[in-house]
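Numbering (UniProt numbering), first residue to last: 1 to 998.
No residue lacks a Cβ here, since even glycine has one placed at the ideal position from N, Cα and C.
Treat the numbers as computed from the prediction; the structure is a model and nothing was measured.
Down below is the structure, laid out as structure tokens.
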């Protein structure tokens, strides 16, 4: 095979910004020195391919070798000409070519992590889909922003680096380079100028800057928005507002003032219960712990531990995060997951006096207060130690209450140790109810009854107040606990048999009155709840309250490979935010970057951040406005979610050194467009594609950060992602031998419905594709063996984009054959010349073409990419069958445009061979004429007394009288109705005629 490169020079392409024009010279021996017979303006790089066989004949068949050469050539052309570069309104990426198109599209893939294992064919599914959608919209004349960056900080990168014994930066950069290479083979139309890496100091400088904006903000409950701390201080100084504990600011010492301000901040230090994972040497957010109480990464045990950690007050935004879901074009499943995670519920907060303290419980059923027979605290509740009886249990205390100990303190310590490794889900779903009596009692505020106080693992600190009033007659878990511990069960809602089970349905209230003016007897649920809350508020025993399951975001990790906090501490331990001029705070270069991990089962171990060992980095002399002083850096780093919480904004303005994103550029690409999306449009990325697994991690965090930036006036959009689409997954079969060890799937043979590897029968399972399962297929291999366009067509044709589907390499050949048939319609495989004619299209040709265009346009618009391929295959098959050779050019040429979004390389090649000067990327997408979508004449069955007797052809728009005339004139119908009476005539338009004959 010999490749012929035609080089062009001179001129300028206004669309792509590349040079073009002038003379073309061919570098192959046969053509050296000759000028191209078809000079094409608008091209910097042209090629011809001469495939010489041993018989010295030439062939232009669309083989994988030819496909590879075509693809490499066009990828180089796109790169050289900046074909996919999208201009901005202002800044370094602005254009001087005039006003930008009003119509734009901002399409984005979820920030990928550059895995050291490289990509398998499942990874590009979403990337190919978004590229297809972006290319289609470019052909509609839109300015399209599409790029891809890399989320490279965090635990996965660090663990991989530790396993390989190299620095995280080295492995991360190598992984990114490899991923870029693999994705580059697919011909994705990304704007490379906009690509970012979260590990780049020029990127994480702005991650740290945004952190400081959140740190220096507070949430104004009245205005329901974030405001700068400076505005809060002014209001406090003017006595327009008091501190959280009701004091006036002017009455506080300087230290007390600083502490009071910290209580308002959206970022704060909290000494609270966290998820400690000794095996990873770090704490984890709730979302990073599995239902089994293990770390999502590494599957290590996770324990509850009290530590001082940075927290973000995401709970302040609970209502907005919940209510604004209604504004988003997101899958219902994801919205439901976020609603459930936020978990808003209305009820009452009730005080149960106990030993000089007030136990605050939240309940959605204050109507059942008279049935509250005991109080349960979460084992981690802050009042547990204060309420513990200092003396041994009385002799008459039920042994089931004491957890095998005489001393309440010993019982509690033993119980806490035993449940430390249980996950929240395991604690809630555990049917065997366990707990410990504290040896003390609380007072039921409505009945005045003394009720015992327990701790039990089915009560969590993460919901409500971490304490419940237990109503065993009407709550299943309370009922099970009461039965296990021999506690009384008082029925207060009629309708059930509480001797056998808890009654959880509605009914009239009974046994619910006191001598203090509260009588709920006879009321229904809604009436009783309202009456109970009114009484509690008058009595001072409680108040109406809205509660949430959502907890504040734990925002610190004891790692090395992450964004350092732009915070330092003075000698007294007070935190100070660094000024913007000192950003970015970069990681020190160290040899020992490994985290201090422990025995995974050692729950008593203490976090030891790797950065704490770098003393010359930790201890630093700075002048923060009051002269040089010694400060100490924070030795934790941000979680891996930090960079992904805002990266979509940096894509918009990646070279801006003055701001993370100029708001004029942001307004163009993500600002609200009410004229297009309605008056409630929140703005955001136009299409965001990624997996559903990020519903309550990345997506919730990103929404929170974006809303803070919106409140502070840095962005015009209220939400980061206007439309979300969850793609499915490409899955594969994997095989295990008798030991349960995975064997190479590619080497397994099937015989008589069974599977064998090296002669041994193996077990087949279906699920994920991955290196560890030995069933991964590299896109490199498919591109080499079939071509990138074939891979793209196959992945888009496998099924609906939002469903999972099995990979089968043997089926890829079907997509290859489709492209080969398309190629043969345009190119003579013997001569390389065009294989089309100038013949006019027949009526059938026009119908097939225009119906294909109409269907394909609608499918592209709605991401039905599998049916796009199906329609194109059907049209190519029609032309192949109708014209064995030399199909009309007017029927073939539009296919290049129609297939271009999915198979761009072959489309570019065919477009050039048809004699066009410019890239097909910006060619207008074909349009259709309505008249070819409607049949002039239709076939209608004719029934006599309900049975089909004939079929007639009538005009598609014929009225019923004309249809009846044609039906009765039909020879067969006329014969069957001769001499008989037609008593009724029925016509269902376009469907049938029915004649009732007697």
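_Starting from residue 646, trace the alpha helix (DSSP H) in both directions and tell me its first and last residue._
Residue 646 -> no alpha helix (DSSP H), and no H or E assigned at all.
*Going by other Cβ atoms of all chains shown within 10 Å of its Cβ, with 16 needed for buried, is residue 652 buried or exposed?*
buried
*asked:* In this structure, how does DSSP classify residue 421 when only helix, strand and coil are distinguished?
replied: coil
_Taking contact to mean 3 or more Cβ pairs, one atom from each stretch, closer than 8 Å, check whether the region 773-784 and the region 175-185 are in contact._
yes
_When 956, 158, 922, 714 are compared against residue 933, the one with the closest alpha-carbon_ = 956
*Within the same chain, show all residues whose beta-carbon is closer than 7 Å to that of residue 128, passing over the 5 residues directly before and after it, in chain order.*
186, 792, 795, 796
*Could you name each continuous beta strand (DSSP E) segment of 3 residues or more that falls completely within the region 881-961, going from the start of the chain to the end?*
937-944, 947-955
*Classify residue 312 as helix, strand or coil using the three-state DSSP reduction.*
strand
*For residue 488, does the count of other Cβ atoms within 10 angstroms reach 16, so buried, or fall short, so exposed?*
exposed
*Who are the near neighbours of residue 890 in its chain, counting only those whose CB is closer than 6 Å to its CB and skipping five residues on each side?*
841
*Residue range of the beta strand (DSSP E) that residue 236 falls in?*
From DSSP, residue 236 is part of no beta strand (DSSP E) but of the alpha helix (DSSP H) over 229-237.
_Runs of 3 residues minimum, wholly inside the region 584-626: which ones carry the beta strand (DSSP E) assignment?_
619-623
*C-alpha distance - residue 335 paired with residue 318, whole-angstrom precision*: 14 Å
*Could you give the residue range of the alpha helix (DSSP H) that holds residue 132?*
124-139
*What is the residue span of the alpha helix (DSSP H) that residue 779 lies within?*
779-786
*Could you tell me which residues DSSP pairs with residue 325 in its beta bridges?*
According to DSSP, residue 325 bridges with nothing at all.
*In terms of alpha-carbon separation, which member of 893, 775, 466, 104 lies closest to residue 120?*
775
*Excluding five sequence neighbours on each side, which residues of the same chain lie with their C-beta closer than 8 Å to the C-beta of residue 533?*
348, 366, 542, 543, 544
_Extent of the continuous beta strand (DSSP E) to which residue 798 belongs_ = It is not in any beta strand (DSSP E) - residue 798 carries neither H nor E in the DSSP assignment.
_Among 921, 727, 964, 746, nearest to residue 122 - alpha-carbon criterion_ = 727
*Closer than 7 Å by C-beta to residue 531: which residues in its own chain qualify, once you throw out the five before and the five after it? Chain order, please.*
520, 523
*Measure how close the beta-carbons of residue 900 and residue 135 come, nearest whole angstrom, since I'm counting them as under 8 Å.*
6 Å
*Please look up how many angstroms separate the CB atoms of residue 618 and residue 632, rounded, as I've assumed it's under 8 Å.*
6 Å
*Got a sec? Which residues, its chain only, sit under 6 Å from residue 104 by beta carbon, not counting five neighbours each side?*
142, 143
*Buried or exposed for residue 830, please, with buried defined as at least 16 other CB atoms from any protein chain shown within 10 angstroms of its CB.*
exposed
*Can you give the beta carbon distance from residue 701 to residue 645, rounded, assuming they're within the 8 Å contact cut?*
5 Å
*In the DSSP assignment, find the beta strand (DSSP E) that holds residue 745 and state where it starts and stops.*
Counting along the chain, residue 745 falls outside any beta strand (DSSP E), and DSSP gives it neither H nor E.
_Does residue 514 come out as helix, strand or coil in the three-state DSSP assignment?_
coil
*Assuming residue 567 contacts residue 623 under a Cβ cut-off of 8 Å, what Cβ separation, rounded to an integer in Å, is found between them?*
So it is not a contact: roughly 16 Å between Cβ atoms.
*Taking 7 Å as the cut-off, decide whether the C-beta atoms of residue 152 and residue 124 are in contact.*
no
*Alpha carbon to alpha carbon, what distance is there between residue 297 and residue 485?*
38 Å
*Quick one: is residue 983 buried, meaning 16 or more other Cβ sit within 10 Å of its Cβ, or exposed?*
exposed
*Compute the Euclidean distance between the alpha carbons of residue 62 and residue 869, then round it to the nearest angstrom.*
19 Å
_Simplified DSSP state of residue 582, which is helix, strand or coil_ = helix
*asked:* Suppose you measure from the CA of residue 1006 to the CA of residue 275; what does that come to, to the nearest Å?
replied: A question about residue 1006 goes unanswered here, because the residues of the chain that appear run from 1 up to 998.
*residue 855: buried (16+ other C-beta within 10 angstroms of its C-beta) or exposed?*
buried
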